[in-house]
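A.B. asks: Residue numbers (full-length UniProt numbering), protein chains in the order written: chain A, 1 to 548; chain B, 1 to 548.
I have a structure here, written as structure tokens, and I will follow up with some questions on it.
There are 2 protein chains.
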Amino acid sequence: MAKSALQEARSKYAPKLPAALEGAVKVRLGEATKSVSDQDAIQSLFPNTYGLPKLTFEASSEAVEAKPLNAGVILSGGQAPGGHNVIAGIFDGIKKIHPDSRLYGFLMGPDGLVKHNYIELTSQIIDEYRNTGGFDIIGSGRTKLEEKEQFDKGLEVLKKLDIRALVIIGGDDSNTNAAVLAEYYKAIGAPVQVIGCPKTIDGDLKNEQIETSFGFDTATKVYAEVIGNIQRDCNSARKYWHFIKLMGRSASHIALECALQVRPNVAIISEEVEAKNLTLDDVVTSIAEVVAERAKNGENFGTVLIPEGLIEFVPAMKALIAELNDFLAHHEGEFRAVASEDQRAFIIEKLSKANSDLYASLPTTVARQLTLDRDPHGNVQVSLIETEKLLAEMVGTKLAEWKKDGRFVGKFAPLTHFFGYEGRCAMPSNFDADYCYALGRTAACLIAAGVTGYMSSVQNLTAPAKEWIAGGIPTTMMMNMERRHGEMKPVIQKALVDLNGKPFAFFAAHRAEWAKTTSFIYPGPIQFYGPAELCDQPSRTLALEQGK
Amino acid sequence: MAKSALQEARSKYAPKLPAALEGAVKVRLGEATKSVSDQDAIQSLFPNTYGLPKLTFEASSEAVEAKPLNAGVILSGGQAPGGHNVIAGIFDGIKKIHPDSRLYGFLMGPDGLVKHNYIELTSQIIDEYRNTGGFDIIGSGRTKLEEKEQFDKGLEVLKKLDIRALVIIGGDDSNTNAAVLAEYYKAIGAPVQVIGCPKTIDGDLKNEQIETSFGFDTATKVYAEVIGNIQRDCNSARKYWHFIKLMGRSASHIALECALQVRPNVAIISEEVEAKNLTLDDVVTSIAEVVAERAKNGENFGTVLIPEGLIEFVPAMKALIAELNDFLAHHEGEFRAVASEDQRAFIIEKLSKANSDLYASLPTTVARQLTLDRDPHGNVQVSLIETEKLLAEMVGTKLAEWKKDGRFVGKFAPLTHFFGYEGRCAMPSNFDADYCYALGRTAACLIAAGVTGYMSSVQNLTAPAKEWIAGGIPTTMMMNMERRHGEMKPVIQKALVDLNGKPFAFFAAHRAEWAKTTSFIYPGPIQFYGPAELCDQPSRTLALEQGK
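Take a look at the structure:
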């Protein structure tokens with residue numbers, strides 16, 4: 001298979017390792033833990049895996065005699081840069097325990113476990129994937145491991161392959177399910193440990209214990225590179241407003257991190273929109289005001305960052321979508337009978353006043369997306385709404401109004417972009433390559449320690465890698481009870497952007513200046529070779545959170 | 001102004017220089033030249049600047065005594081990575097001739113010359129922009145320097161500032177106009193030399209004399225990076241077909257270069273579509289066949305690269321657009337009176353049979369773009385047509401038909417992307433940083449040599465920079481006569497993709513294999529620090545053209 005020069009070079013990169021993991025390792029037990037809230041409920045649901053101590057791995061001078069062990073690994077959910085290095089870390093870790101240890105990869109996500117599709121990951125395969133992006137080594141999938149039947153079916157193949165530990169690499173939901181699986185296997189006395197690993201470019205799997213999920217660093221650096229390039233173009237051509245939507249299903253961590261890296265004229269943070277109960281018109285007005293203000297200085301150009309999840313954080317849009325879902329579910333046939341060109345008027349007539357007005361204010365294409373492109377359950381597919389075009393068009397309409405009464409005196413030519421797939425499978429930055437490899441090596445230590453229901457944890461991430469602290473966190477520690485599909489469920493709390501946190505505070509303190517003056521920063525492409533300040537910096541979010 | 005770590009690091013980069021330009025320089029005169037064709041016509045239009053010899057600069061041991069000189073510089077047309085380094089090269093070059101030399105930058109393109117808007121480029125300003133992307137140091141613009149009044153108006157400010165030489169950095173049209181300006185100033189005895197520099201990311205300003213235009217290398221590497229990332233995602237998720245449109249107004253050099261770098265499943269080359277007289281349906285069918293073939297192996301994913309200029313190379317689309325332009329010009333009022341939802345049917349009824357059928361086959365949104373979004377002259381704005389969505393939708397329609405008779409057995413979920421602004425102002429690769437700086441230094445040598453009507457030329461570009469050959473090419477040498485707006489004009493021949501050239505031949509020899517098997521290459525981000533094979537490689541196009 002032909003490779004690029006960088007693929008060849010990166011295949012030889014040796015990830016930096018926490019000093020504690022370099023030689024033999026011993027376990028230090030912390031105090032017993034409890035869940036972040038709803039302790040009684042969580043404890044009753046996890047009688048066998050609740051309250052376990054935090055673990056830390058320390059360097060040891062005593063070599064431990066060990067036997068070969070077999071482990072399995074699953075990639076769950078969306079791609080994130082560094083997944084291959086987690087697997088390489090597990091592989092090297094269990095081979096270090098004993099050269100005859102084996103690692104099996106279940107194919108295309110949790111489905112591979114349930115359907116018994118797997119391969120053995122040999123050193124030849126592993127070496128082919130070190131420090132590469134993507135999840136293509138074994139593929140990933142979105143099947144949720146939730147049912148007893150799935151667990152039992154999985155156990156068959158785990159037993160057949162004599163697998164002693166299963167590592168599940170995933171986001172908050174996948175790690176929640178991993179904890180449920182750990183509890184189940186423990187409860188029925190099945191001899192399989194279950195270990196989780198924190199993955200997601202969205203950055204919403206983080207808490208007191210998990211400093212960041214892997215992939216966030218690389219993905220945001222790729223987005224910041226191309227946004228920076230667009231900003232340079234914007235500042236050279238001086239005639240376009242670029243509306244740039246950024247992936248991140250719900251939370252706005254990606255948009256915030258990119259804003260911190262590139263200093264755009266505007267960045268919308270969904271969590272703030274919701275907290276302030278802003279309407280779509282409020283958001284549009286706030287952007288139009290920046291455009292109008294810059295136009296006074298003859299600067300008819302700029303950048304606007306938009307988080308993909310925005311629409312669902314606008315309370316009024318949420319209400320509109322809810323009524324639409326409800327109405328269309330009950331009037332499917334009636335709606336289908338209306339001629340395509342009359343559907344908009346039909347909907348406007350049927351909705352309640354507030355929602356009808358909002359719907360009528362939307363551009364035709366978006367209105368059409370809201371009623372036509374529904375998912376198999378009949379719901380509006382919010383992720384298909386081209387929010388960047390919606391906002392660009394509505395800002396244009398508002399500015400045209402303002403032009404009439406002299407409130408806007410410039411030109412407004414918008415261009416739109418959406419970045420997502422460009423970053424999810426990028427070659428991991430040194431940070432993610434190192435972090436992921438350490439997470440994998442740590443997972444191997446957790447396997448050796450014989451524990452279950454833990455997540456692999458590497459902390460102190462803004463220090464040099466040597467000083468990183470490797471350990472294990474009982475997954476139940478991060479849980480609380482939340483309503484999901486009408487039922488109370490134990491889940492890992494999803495981290496939204498903290499409006500009282502330091503990253504948002506830095507943004508909020510500077511955005512007025514960035515809006516008015518052109519303060520663009522151009523991060524450029526990820527560099528792998530060179531001084532640490534060029535190649536090994538963590539995200540701005542992490543640095544600010546840790547007071548760096 | 002806050003800067004990224006890479007901005008700081010790159011500001012210290014010293015571009016590699018051809019050995020001949022390191023110390024004192026002497027000029028070697030070549031033979032007298034003639035234009036590529038239409039020699040008599042070109043000679044009669046350029047009596048003072050036709051037939052000049054090619055120049056080569058060689059290292060000299062004799063120091064030359066020289067006086068201070070003032071030069072001016074203009075950035076013309078679209079942004080391309082490296083423009084700032086051309087200017088830095090001119091600056092350093094004329095300062096080397098004499099420390100009291102001065103460089104003036106005309107602002108926002110040729111307009112700055114005509115309207116006398118300029119700044120003096122001091123070492124402080126120049127140092128701020130070394131090795132950076134963008135044209136923001138003085139801005140660019142698209143005004144064409146074509147009229148005697150502009151030339152005379154420009155001469156006023158050139159005389160006022162005692163400017164002895166004007167360097168125009170631009171594409172084929174701008175360099176054509178530079179040659180006309182050189183001839184004019186020479187003819188009237190104005191003491192101003194005019195020198196051109198070959199710029200354009202499109203890669204269509206190249207010929208026997210100009211190996212490549214600057215910016216092409218960096219822009220294509222940025223596009224190849226993100227396309228490669230998408231391909232890795234595509235190969236991991238295994239469920240999407242990505243339709244990726246690439247900037248490049250007319251020629252398909254960018255799409256071809258990216259294809260050579262990333263090995264996609266499909267890449268459309270406009271020049272081939274035109275040469276084979278393919279219809280839109282032919283193009284759609286060829287893509288659908290690849291999708292169907294891969295689906296047989298369960299591979300319902302892949303990538304399709306689409307050059308931005310495609311539509312105008314499809315003869316049938318060209319005919320449709322011509323008839324539409326003509327029809328709408330003559331029936332403007334009548335068309336406007338038709339209700340929006342009836343316009344499509346109205347057009348279908350009015351066009352000739354062949355064009356009407358083609359129009360009827362287009363997706364609604366594209367049909368609408370063809371009639372609604374017209375430029376100030378009433379013409380269809382082809383660049384606004386979302387060709388990537390058009391093809392994705394039409395391929396989907398075709399596959400749905402094929403599904404009925406069992407010719408297609410898979411799933412087809414397309415996603416679309418357009419890359420352009422991401423690359424035009426990227427930080428220049430080492431190649432472009434070096435090449436541009438050398439072009440600027442060479443321009444300074446041409447100024448010192450007292451010549452006019454030349455383009456700065458640096459050749460032997462696939463060798464190490466030390467071995468590059470610096471010189472000057474009489475611009476008339478690259479000219480021929482072409483019909484423009486109904487008149488025969490002397491112009492630099494635009495280079496389309498040569499279907500008999502080595503880059504296309506390599507692509508054509510491998511595409512069947514790339515279509516069927518997943519042969520993706522992942523170039524990753526541009527690297528600036530490390531071994532030459534990682535950081536200093538020229539484009540694949542250039543390497544293949546030069547037999548490397």
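We put the beta carbon where it would ideally sit given N, CA and C, even for glycine.
A quick note: this is a predicted structure, and the numbers were derived from the prediction, not measured.
Please list, in chain order, the chain A residues whose beta carbon lies closer than 8 Å to that of Ser519 of chain B.
C.D. replies: Going along chain A in sequence order, the residues near Ser519 of chain B (Cβ under 8 Å) are Met1, Ala2.
A.B. asks: Establish whether the CB of Ala9 of chain B and some CB of chain A are separated by less than 8 Å.
C.D. replies: Chain A contact via Cβ: present.
A.B. asks: Are the segment 306 to 313 of chain A and the segment 377 to 394 of chain A touching by the rule of at least three beta carbon pairs closer than 8 Å?
C.D. replies: Yes, since at least three Cβ pairs between the segment 306 to 313 of chain A and the segment 377 to 394 of chain A fall closer than 8 Å, the two stretches touch.
A.B. asks: What are the residues in the segment 73 to 99 of chain A lying within 7 Å of chain B by C-beta distance?
C.D. replies: Answer in chain order: Gln79.
A.B. asks: Among A:Ala179, A:Gln537, A:Gln527, A:Pro81, which has the Cα closest to the Cα of Ser213 of chain A?
C.D. replies: Cα-wise, what sits closest to Ser213 of chain A is A:Pro81.
A.B. asks: Out of B:Met479, B:Arg483, B:Ala505, which has the shortest C-alpha to C-alpha gap to Ser35 of chain B?
C.D. replies: When each option's Cα is compared against that of Ser35 of chain B, the closest is B:Met479.
A.B. asks: What number of angstroms, rounded off, separates the C-alpha of Thr518 of chain B from the C-alpha of Gly23 of chain A?
C.D. replies: Rounded to the nearest angstrom, the two C-alpha atoms are 40 Å apart.
A.B. asks: Short of 6 Å in beta carbon distance, which residues of its chain neighbour Gly170 of chain B, apart from the five on each side in sequence? Order them along the chain.
C.D. replies: Cβ neighbours of Gly170 of chain B beyond the five flanking positions: Ser76, Gly77, Lys199.
A.B. asks: Rounded to whole angstroms, what is the Cα-Cα separation between Lys411 of chain A and Leu69 of chain B?
C.D. replies: Rounded to whole angstroms, Lys411 of chain A to Leu69 of chain B spans 40 Å at the Cα level.
A.B. asks: Give the residues of chain B in contact with Val226 of chain A, contact being defined as C-beta atoms less than 8 Å apart.
C.D. replies: Per Cβ cutoff of 8 Å: Val222, Val226, Glu422.
A.B. asks: Please report how far the alpha carbon of Asp38 of chain B lies from the alpha carbon of Met481 of chain B, in whole angstroms.
C.D. replies: If I take the Cα positions, the gap works out to 6 Å.
A.B. asks: Helix, strand or coil for Glu308 of chain A? Go by DSSP, reduced to three states.
C.D. replies: Note: Glu308 of chain A maps to coil in three-state DSSP.
A.B. asks: Examine chain A for any beta-carbon lying closer than 8 Å to the beta-carbon of Ser61 of chain B, and answer yes or no.
C.D. replies: Chain A contact via Cβ: absent.
A.B. asks: Taking DSSP as the reference, what is the three-state secondary structure of His485 of chain A?
C.D. replies: Three-state DSSP puts His485 of chain A in coil, outside helix and strand.
A.B. asks: Mapping the DSSP letters down to three states, classify Val338 of chain A as helix, strand or coil.
C.D. replies: Here Val338 of chain A sits in coil by DSSP.
A.B. asks: So, helix, strand or coil for Cys425 of chain B, using DSSP?
C.D. replies: DSSP places Cys425 of chain B in coil when its eight states are reduced to three.
A.B. asks: Grouping DSSP H, G and I as helix and E and B as strand, with all else coil, what is Met455 of chain A?
C.D. replies: Residue state, collapsed to three classes: strand.
A.B. asks: Straight-line CA distance for Thr49 of chain A to Asp342 of chain A?
C.D. replies: Roughly 58 Å separates the two Cα atoms.
A.B. asks: For the beta strand (DSSP E) containing Arg164 of chain B, list its first residue and its last residue.
C.D. replies: Element bounds for Arg164 of chain B: 163 to 170.
A.B. asks: Residues in its own chain within less than 7 Å of Gly440 of chain B by CB, not counting five upstream and five downstream?
C.D. replies: Once the five neighbours on either side are set aside, the close Cβ partners of Gly440 of chain B are Asn85, Val86, Ile87, Ala88, Gly89, Ile90, Gly93.
A.B. asks: Under 8 Å between beta-carbons, which chain A residues line up against Tyr529 of chain B? List them in chain order, please.
C.D. replies: Those within 8 Å of Tyr529 of chain B in chain A are Gln527, Tyr529, Gly530, Leu534.
A.B. asks: For Trp468 of chain B, name the three-state secondary structure that DSSP assigns.
C.D. replies: Of the three classes helix, strand and coil, the one that applies to Trp468 of chain B here is coil, per DSSP.
A.B. asks: Could you work out which residue in B:Gly134, B:Ala543, B:Ala71, B:Leu324 is closest to Gln79 of chain B when comparing CA atoms only?
C.D. replies: It is B:Gly134.
A.B. asks: Quick one: is Glu388 of chain A buried, meaning 16 or more other Cβ sit within 10 Å of its Cβ, or exposed?
C.D. replies: That one is buried.
A.B. asks: Quick test of your reading: Phe419 of chain B and Tyr223 of chain B, contact by CB under 8 Å. State the CB separation rounded to the nearest angstrom.
C.D. replies: About 5 Å; that satisfies the 8 Å criterion.
A.B. asks: When you compare only the Cα positions, how much space is there between Tyr437 of chain A and Leu17 of chain A?
C.D. replies: Their Cα atoms are separated by approximately 8 Å.
A.B. asks: What is the rounded straight-line gap between the Cα of Asp217 of chain B and the Cα of Arg102 of chain B?
C.D. replies: Those two C-alpha atoms are separated by around 30 Å.
A.B. asks: Among the candidates A:Asn177, A:Leu155, A:Gly196, A:Val167, whose CA atom is the shortest distance from the CA of Ile188 of chain A?
C.D. replies: Checking every option, the nearest Cα to that of Ile188 of chain A belongs to A:Leu155.
A.B. asks: Hey, is Asp326 of chain B close to the ligand SAM, as in C-beta under 7 Å from one of its heavy atoms?
C.D. replies: No copy of the ligand SAM occurs in the structure displayed, which carries no ligand at all.
A.B. asks: Between the beta-carbon of Pro503 of chain B and the beta-carbon of Glu545 of chain B, is there less than 8 Å?
C.D. replies: Yes, they are a contact pair.
A.B. asks: Please determine, among B:Gly141, B:Asp162, B:Glu149, B:Thr132, the residue with the shortest C-alpha to C-alpha distance to Glu120 of chain B.
C.D. replies: For the residues B:Gly141, B:Asp162, B:Glu149, B:Thr132, the minimum Cα distance to Glu120 of chain B belongs to B:Asp162.
A.B. asks: Taking DSSP as the reference, what is the three-state secondary structure of Met394 of chain B?
C.D. replies: DSSP places Met394 of chain B in helix when its eight states are reduced to three.
A.B. asks: Return no unless some Cβ of chain B is closer than 8 Å to the Cβ of Glu341 of chain A.
C.D. replies: With 8 Å as the cut-off, Glu341 of chain A counts as an interface residue toward chain B.
A.B. asks: His98 of chain B and Ala66 of chain B look like a contact to me (Cβ under 8 Å); what is the Cβ gap, rounded to whole Å?
C.D. replies: Right, their Cβ atoms sit about 5 Å apart.
A.B. asks: Run down chain A in chain order and give the residues with a C-beta less than 7 Å from the C-beta of Phe135 of chain B.
C.D. replies: Within 7 Å Cβ-Cβ: Ser236.
A.B. asks: For a cutoff of 8 Å on Cβ pairs, would you count Ser383 of chain A as touching chain B?
C.D. replies: Not closer than 8 Å to any Cβ of chain B, the Cβ of Ser383 of chain A fails to qualify, so no.
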